[in-house]
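Colleague:
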Amino acid sequence: MAEKKKRPITADAWREARELMWSHRRSLSVGMVLMLINRISGLVLPASSKYLIDDVVGKGQSRLLVPLAVAVGIATLIQAVTSFGLSQVISVAAQRAITEMRRRVQAQVTRLPIRFFDSTQSGVLVSRIMTDAEGIRNLVGTGIVQLVGGVVTAMLALGVLIYLNWQLTAAIILLLAVFGGIMAFAFTRLRPIFRERSEINAAVTGRLTETLGGIRVVKAYGTEKREQRVFTQGAHRLFRNVARSITGVSAVTAFSTVVIGVVGVLMILVGGRAILDGTMTLGDLVMYIFFTGLLAAPVVQMASIGTQISEAFAGLDRIRELRSMVTEQDEDKDREPLESVHGDITFQDVVFEYNAGVPVLKHVSFVAPAGT
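For the sequence shown, numbering that gives the first Met the number 0 assigns the number 0 to the initial residue and increments by one for each residue that follows.
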């Protein structure tokens, strides 16, 4: 049953993410262009290593030294300018999306029926409005741009690596593919943990807010010990959840370290043998090492970026649940309007319930004539 409930929420979260990206498509498009320029200019420095070692140092072509340095300097300047512009464009778009989402969720909450507020802590609602929307910045901000930028860099680096040594590159791709598959599986396990963390944090924060706000009532009834016990239980639940997520992320990070180590061993063995055989120069190997880093870095960054995006989707799940609730206006659509009003109010044995089994009016009868 739990699995059946989870799938529609996931589909709704994907739909919400697509709508967010589409509504901010202009800023994202500008950000993607800046990102492409930034990533391409970032390839100049590692590519220059081959010419510096083989041509300038190895062959003594000193006339290439100044043009090479100028090219690297210009590329570095372009990279710095585009990085600044990227942060400005994307960060502003992300904060605008967060603000708009908070406004929409707050408007939805104020339209919900009274019975919803009777069964939900105010602190939980504050967390849903203010905290859950924070993860959006990873969908229309730095997170998605870093992810796409990493893929672009990896593809460019892959082309260079295949050109330099396709046999070694094939082995490295196999390792990174295994690593990517394991991480994809890991994040399917981590996402429910992050979702549960948001719920626990909201519950603990909500109870704490109500306790401190009603401290006079708590002290009047002498329930300090009870509130302390409830808070301690919630804090320990949150701790256990965080510990589980730390264990999962740490395992992924540790595995990525092992993969990078294996890649290094392969480069030493295969690359060193290629130099001895004369199929690669020293400059080729140094350049290969640099571009291997450019290929592996996005895969390693998936550990942090994937975690952030998992948190964003968990927040969207919770926001979507809240926004899909029936409002008072929706309930009023099913009610018949009064055709005429005489002004007299008569209750005859009226029973009313917000929630089934919990009556708030019990067999009330009275007559109020018009004008009284």
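Where is the CB? At the ideal position from N, CA and C, for every residue including glycine.
These figures come from a predicted structure and were not determined experimentally.
Mapping the DSSP letters down to three states, classify Ala367 as helix, strand or coil.
Modeller: Three-state result, Ala367: strand.
Colleague: Which first and last residues belong to the alpha helix (DSSP H) in which Asp333 is found?
Modeller: Counting along the chain, Asp333 falls outside any alpha helix (DSSP H), and DSSP gives it neither H nor E.
Colleague: So which of Asp131, Thr75, Ser26 has the shortest CA-CA distance to Phe193?
Modeller: It is Asp131 whose Cα lies nearest to the Cα of Phe193.
Colleague: Does His23 come out as helix, strand or coil in the three-state DSSP assignment?
Modeller: Coil.
Colleague: Taking 7 Å as the limit between beta carbons, can you name the residues of its chain near Ala369, skipping five residues before and five after?
Modeller: The residues are His341, Gly342, Asp343.
Colleague: Grab me the residues of Ala1's own chain with a C-beta within less than 7 Å of its C-beta, minus the 5 sequence neighbours each way, in chain order.
Modeller: Its pLDDT being 39, under 50, Ala1 is placed unreliably in this model, and the coordinates cannot settle the point.
Colleague: Count the C-beta pairs between the segment 13-20 and the segment 259-275 that are closer than 8 Å, then say yes if the count reaches three, no if not.
Modeller: With the cut-off at 8 Å, the segment 13-20 and the segment 259-275 do not touch.
Colleague: Is the beta carbon of Gly140 closer than 7 Å to that of Ile304?
Modeller: Cβ distance not < 7 Å, so Ile304 and Gly140 don't count as in contact.
Colleague: Mind listing, in chain order, the continuous alpha helix (DSSP H) runs of no fewer than 4 residues lying wholly within the segment 265-299?
Modeller: Listed in chain order, they are 271-276.
Colleague: How would you write the range of the alpha helix (DSSP H) that Thr152 sits in, first residue to last?
Modeller: That run of the alpha helix (DSSP H) goes 141-163.
Colleague: Count the other C-beta atoms from every protein chain shown that fall within 10 angstroms of the C-beta of Val108, then say buried if there are 16 or more, exposed otherwise.
Modeller: So Val108 counts as buried.
Colleague: Alpha carbon to alpha carbon, how far is Pro297 from Gln105? Give it in angstroms, no decimals.
Modeller: Rounded to the nearest angstrom, the two C-alpha atoms are 37 Å apart.
Colleague: Gln94 lies in the alpha helix (DSSP H); which residues open and close that run?
Modeller: Element bounds for Gln94: 64-109.
Colleague: Whole angstroms are fine: how far does the CA of Met324 sit from the CA of Arg317?
Modeller: Arg317 and Met324: Cα-Cα distance of roughly 11 Å.
Colleague: Whose C-alpha, out of Ala156, Ser339, Leu27, is nearest the C-alpha of Asn137?
Modeller: With distances taken between Cα atoms, Asn137 lies closest to Leu27.
Colleague: In angstroms with no decimal places, state the Cα-to-Cα distance between Lys218 and Ile128.
Modeller: Cα to Cα, Lys218 sits roughly 30 Å from Ile128.
Colleague: Rounding to the nearest angstrom, what Cα-Cα distance links Leu85 and Arg272 in this structure?
Modeller: Distance between the alpha carbons of Leu85 and Arg272 is about 42 Å.
Colleague: According to DSSP, is Val325 part of a helix, a strand, or is it coil?
Modeller: If DSSP states are grouped into helix, strand and coil, Val325 belongs with coil.
Colleague: So, with DSSP's three-state summary, where would you put Asp348?
Modeller: Correct three-state label for Asp348: strand.
Colleague: With distances taken from CA atoms, which of Ile172, Val55, Gln78, Ala202 is nearest Gln120?
Modeller: The shortest C-alpha separation from Gln120 is found at Ala202.
Colleague: Distance check for Ile97 and Ala313, CA to CA, integer angstroms please.
Modeller: Taking the straight line joining both Cα atoms gives about 15 Å.
Colleague: Where Pro90 and Thr204 are concerned, what is the direct C-alpha to C-alpha distance, given to the nearest angstrom?
Modeller: According to the sequence displayed, residue 90 carries Ser and not Pro. Approximately 28 Å between the Cα atoms of the pair.
Colleague: Which residues in the same chain have their Cβ closer than 8 Å to the Cβ of His362, if we skip the five residues on either side of it in sequence?
Modeller: So the list reads Asp348, Val349, Val350, once near-sequence residues are dropped.
Colleague: By Cβ distance below 8 Å, which residues in the same chain neighbour Ser82 in space, the five residues on each side in sequence not counted?
Modeller: So the qualifying residues of the chain are Asn37.
Colleague: Let me check understanding here. Comparing Cα to Cα, which of Leu146, Leu211, Phe116 lies closest to Gln372?
Modeller: Nothing can be reported for residue 372, as the shown portion of the chain is limited to 0 through 371.
Colleague: When the distance is taken between beta carbons, is Phe290 closer than 7 Å to Val159?
Modeller: For Val159 and Phe290, yes; Cβs fall inside 7 Å.
Colleague: Inspect the CB distances between the segment 236-246 and the segment 174-183 and report whether three or more fall short of 8 Å.
Modeller: Touching, no.
Colleague: For Ala70 and Val150, I'd like the C-alpha separation in whole angstroms.
Modeller: Each residue's Cα considered, the two are about 25 Å apart.
Colleague: Quick one: measure Cβ to Cβ for Ser48 and Ala74, integer angstroms, because I've assumed they're closer than 8 Å.
Modeller: So it is not a contact: roughly 13 Å between Cβ atoms.
Colleague: Return the chain-ordered list of same chain residues with a C-beta closer than 7 Å to the C-beta of Gly30, the five sequence neighbours on each side being excluded.
Modeller: The residues are Leu85, Val88, Ile89, Val144.
Colleague: Does DSSP classify Leu42 as helix, strand or coil?
Modeller: In this structure, Leu42 counts as coil in the three-state DSSP scheme.
Colleague: Which of the three DSSP states is assigned to Val357 in this structure?
Modeller: Val357: strand per DSSP, three-state reduction.
Colleague: Grouping DSSP H, G and I as helix and E and B as strand, with all else coil, what is His362?
Modeller: Strand, per DSSP.
Colleague: Extract the residue ranges of the alpha helix (DSSP H) inside the segment 199-253, only unbroken runs of 4 or more that lie entirely within it.
Modeller: As far as the segment 199-253 is concerned, its whole alpha helix (DSSP H) runs of at least 4 residues are 214-220.
Colleague: Span of the alpha helix (DSSP H) holding Ile113?
Modeller: Element bounds for Ile113: 113-117.
Colleague: Once you ignore the five residues that flank Tyr287 on each side, which residues in its own chain have a CB closer than 6 Å to its CB?
Modeller: Same-chain partners within the cutoff: Leu163.
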